[in-house]
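K.L.:
Its first residue numbered 1, the sequence shown is counted upward by one per residue in full-length UniProt numbering. Glycine residues also receive a C-beta, built at the ideal position from the N, C-alpha and C atoms. Please read through the structure below; I'll follow up with questions.
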Amino acid sequence: MQAVDGPSSFTGSVAVIGPGAIGTTIAAALHEAGTTPRLYGRTAREQLTLHRESQDIVVPGPVITDVSQVGQPADLVFLATKTTQLAAAASWLDVVAGPHTVVCVLQNGIEQQASLAGRIHESRVVPAVVWFPAETQPDGTVLLRGEARLTLPDSPAATTVVQALRETWCGVETSRDFTSVAWRKLLQNAVAGLMVLTGRRAGMYRREDIASLALSYLQECLSIARADGAELDDGAPLEILTRLQAFPVDMGTSILADREAGRPLEWDTRNGVVQRLGRRHGIPTPISDVIVPLLAAAGDGSD
Numbered sequence: 001m002q003a004v005d006g007p008s009s010f011t012g013s014v015a016v017i018g019p020g021a022i023g024t025t026i027a028a029a030l031h032e033a034g035t036t037p038r039l040y041g042r043t044a045r046e047q048l049t050l051h052r053e054s055q056d057i058v059v060p061g062p063v064i065t066d067v068s069q070v071g072q073p074a075d076l077v078f079l080a081t082k083t084t085q086l087a088a089a090a091s092w093l094d095v096v097a098g099p100h101t102v103v104c105v106l107q108n109g110i111e112q113q114a115s116l117a118g119r120i121h122e123s124r125v126v127p128a129v130v131w132f133p134a135e136t137q138p139d140g141t142v143l144l145r146g147e148a149r150l151t152l153p154d155s156p157a158a159t160t161v162v163q164a165l166r167e168t169w170c171g172v173e174t175s176r177d178f179t180s181v182a183w184r185k186l187l188q189n190a191v192a193g194l195m196v197l198t199g200r201r202a203g204m205y206r207r208e209d210i211a212s213l214a215l216s217y218l219q220e221c222l223s224i225a226r227a228d229g230a231e232l233d234d235g236a237p238l239e240i241l242t243r244l245q246a247f248p249v250d251m252g253t254s255i256l257a258d259r260e261a262g263r264p265l266e267w268d269t270r271n272g273v274v275q276r277l278g279r280r281h282g283i284p285t286p287i288s289d290v291i292v293p294l295l296a297a298a299g300d301g302s303d
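Next comes the structure, spelled out in structure tokens:
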């Protein structure tokens with residue numbers, strides 16, 4: 001990892017598409033540093049509120065919900081919609097992102113660049129690994145339950161994101177082996193899918209039976225990650241499980257929140273991809289073959 005510091009030289013305009021939990025966090029960090037982003041989303045709000053430590057940060061809006069009200073394209077766009085909302089976000093990208101706009105994708109998974117292929121040139125797409133827990137509260141505000149940090153690939157376009165965030169309280173680092181970093185986060189996201197199937201929060205990973213299942217699933221995911229080019233050591237599954245076991249017992253995850261709210265689930269981005277790539281590489285995925293259909297059924301909305 002390469003930490004970044006020093007003065008910021010970014011002076012362009014910034015937009016956030018999808019100011020949910022992650023988008024609100026980034027918007028609040030930018031606003032406090034003097035760069036208030038334009039906000040675009042599906043829910044109209046006059047402002048955004050982030051609860052960080054003992055402070056409430058209010059980001060002035062409004063959140064624009066009508067794509068026809070977009071003015072000039074932004075120089076930098078943070079795309080913070082769920083992967084299940086990409087089709088809806090496409091109309092925003094068509095007008096918010098111009099020919100030179102850098103798009104930082106704050107989404108789960110390892111396929112961010114591929115998901116925008118044909119719409120945003122690959123050289124201007126910056127995938128990001130989000131390392132912080134942020135949860136939307138019943139009143140629409142967002143609770144940040146840890147330090148905000150992003151990992152980006154070491155690329156020319158990522159420099160724009162680094163400069164924009166450099167003087168904020170959102171840490172940012174770059175990696176020359178972003179594939180491995182992204183896969184490590186995907187392993188954590190994949191095993192978090194067990195919360196959906198049980199309706200339980202992080203405390204369940206302290207159960208011996210769940211811990212055993214989670215570790216076996218993580219080892220299966222690790223074999224696919226390595227086949228896909230990630231360099232993760234044998235200890236990665238246990239490290240991830242130990243991290244989950246150390247979470248507050250009431251800590252949830254975005255896919256569980258979506259399940260509880262009856263929203264579409266990112267099961268394919270977080271779990272289905274492991275099964276798909278396992279088949280591509282000829283690697284058996286017996287645990288995925290059970291978990292993925294159950295998650296798909298949980299998220300299809302039918303009785």
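Quick check: the segment 58–73 against the segment 199–208, are at least 3 beta-carbon pairs closer than 8 Å?
P.N.:
Segments in contact, no.
K.L.:
Determine the closest residue to residue 217 out of 116, 285 and 250, with distance taken between C-alpha atoms.
P.N.:
Position 217 of the sequence shown, counting from 1, holds the residue named residue 217. Comparing Cα-Cα distances from residue 217 to each of 116, 285 and 250, the minimum goes to 285.
K.L.:
Assuming residue 104 is part of the beta strand (DSSP E), what are its boundary residues?
P.N.:
Your numbering for residue 104 matches position 104 in the sequence shown. From DSSP, the beta strand (DSSP E) with residue 104 extends over 97–105.
K.L.:
In whole angstroms, give me the CA-to-CA distance for residue 85 and residue 74.
P.N.:
In the sequence shown, residue 85 corresponds to position 85, counting from 1. In the sequence shown, residue 74 corresponds to position 74, counting from 1. Cα to Cα, the separation comes out at about 20 Å.
K.L.:
Is the beta carbon of residue 113 less than 8 Å from the beta carbon of residue 127?
P.N.:
The residue given as residue 113 occupies position 113 in the sequence shown. The residue given as residue 127 occupies position 127 in the sequence shown. Yes, Cβ-Cβ distance for residue 113 and residue 127 is below 8 Å.
K.L.:
Taking just the CA atoms, how far does residue 104 sit from residue 303?
P.N.:
Here residue 303 corresponds to residue number 303 of the sequence shown, with the count starting at 1. Here residue 104 corresponds to residue number 104 of the sequence shown, with the count starting at 1. Because the pLDDT of residue 303 is 44, which lies under 50, any placement of that residue in the model is unreliable, and the question is left without a value.
K.L.:
Quick one, are the C-beta atoms of residue 135 and residue 142 less than 8 Å apart?
P.N.:
Taking the sequence shown and counting its residues from 1, one reaches residue 135 at position 135. Taking the sequence shown and counting its residues from 1, one reaches residue 142 at position 142. Against a cut-off of 8 Å, the Cβ pair of residue 142 and residue 135 comes out as a contact.
K.L.:
From 181, 193 and 253, pick the residue whose C-alpha is nearest to that of residue 270; which is it?
P.N.:
On the sequence shown, position 270 is the one that residue 270 refers to. The option with the nearest alpha carbon to residue 270 is 193.
K.L.:
Applying the 10 Å Cβ sphere with the 16-neighbour rule, what's the burial state of residue 253?
P.N.:
Translated into positions along the sequence shown, residue 253 becomes position 253. Burial call: buried.
K.L.:
Going along the chain, which residues of its own chain have a beta-carbon closer than 8 Å to the beta-carbon of residue 154, five neighbours each way excluded?
P.N.:
In the sequence shown, residue 154 corresponds to position 154, counting from 1. Same-chain partners within the cutoff: 2, 174, 175, 176 and 178.
K.L.:
Tell me which residue opens and which closes the beta strand (DSSP E) that residue 175 is part of.
P.N.:
If you number the sequence shown from 1, residue 175 lands on position 175. 171–175 is the extent of the beta strand (DSSP E) around residue 175.
K.L.:
Taking 8 Å as the cut-off, decide whether the C-beta atoms of residue 83 and residue 266 are in contact.
P.N.:
Here residue 83 is taken as the residue at index 83 of the sequence shown, counted from 1. Here residue 266 is taken as the residue at index 266 of the sequence shown, counted from 1. Yes. Within cutoff.
K.L.:
Would the beta-carbon of residue 236 fall within 8 Å of that of residue 184?
P.N.:
Taking the first residue of the sequence shown as position 1, residue 236 is located at position 236. Taking the first residue of the sequence shown as position 1, residue 184 is located at position 184. The answer is yes: Cβ separation under 8 Å.
K.L.:
Per DSSP, what kind of secondary structure is residue 284 in: helix, strand or coil?
P.N.:
By one-based count along the sequence shown, residue 284 stands at place 284. Residue 284: coil per DSSP, three-state reduction.
K.L.:
When we look at the beta-carbon of residue 212 and count the other beta-carbons within 10 Å, is it buried (16 or more) or exposed?
P.N.:
Position 212 of the sequence shown, counted from the start, is the residue given in the question as residue 212. Classification for residue 212: exposed.
K.L.:
Whose C-beta lies closer than 8 Å to the C-beta of residue 15 among residues of the same chain, with five residues either side of it excluded?
P.N.:
Mapped onto the sequence shown, residue 15 falls at position 15. For residue 15, where only same-chain residues beyond five positions count, the Cβ hits under 8 Å are 37, 38, 39, 40, 74, 76, 77, 78 and 96.
K.L.:
Would you give the residue range spanned by the alpha helix (DSSP H) that residue 178 belongs to?
P.N.:
Along the sequence shown, one-based indexing puts residue 178 at 178. Element bounds for residue 178: 178–198.
K.L.:
What number of angstroms, rounded off, separates the C-alpha of residue 24 from the C-alpha of residue 31?
P.N.:
The count along the sequence shown starts at 1 and reaches residue 24 at position 24. The count along the sequence shown starts at 1 and reaches residue 31 at position 31. Approximately 10 Å, taken between the alpha carbons.
K.L.:
At what residue ranges does the segment 24–84 contain a whole run of the beta strand (DSSP E), taking only runs of 3 or more?
P.N.:
As far as the segment 24–84 is concerned, its whole beta strand (DSSP E) runs of at least 3 residues are 38–40, 47–52, 55–60 and 74–79.
K.L.:
Would you kindly work out how many angstroms separate the C-alpha atoms of residue 88 and residue 151, rounded to a whole number?
P.N.:
Counting from 1 along the sequence shown, the entry for residue 88 is found at position 88. Counting from 1 along the sequence shown, the entry for residue 151 is found at position 151. Their backbone Cα atoms lie some 26 Å apart in a straight line.
K.L.:
DSSP state of residue 93, grouped into three classes?
P.N.:
Your numbering for residue 93 matches position 93 in the sequence shown. The answer is helix: DSSP assigns residue 93 an H, G or I state.
K.L.:
Look at the alpha carbon of residue 27 and the alpha carbon of residue 241, and state the distance between them as a whole number of angstroms.
P.N.:
Working through the sequence shown from its first residue, we reach residue 27 at position 27. Working through the sequence shown from its first residue, we reach residue 241 at position 241. If I take the Cα positions, the gap works out to 31 Å.
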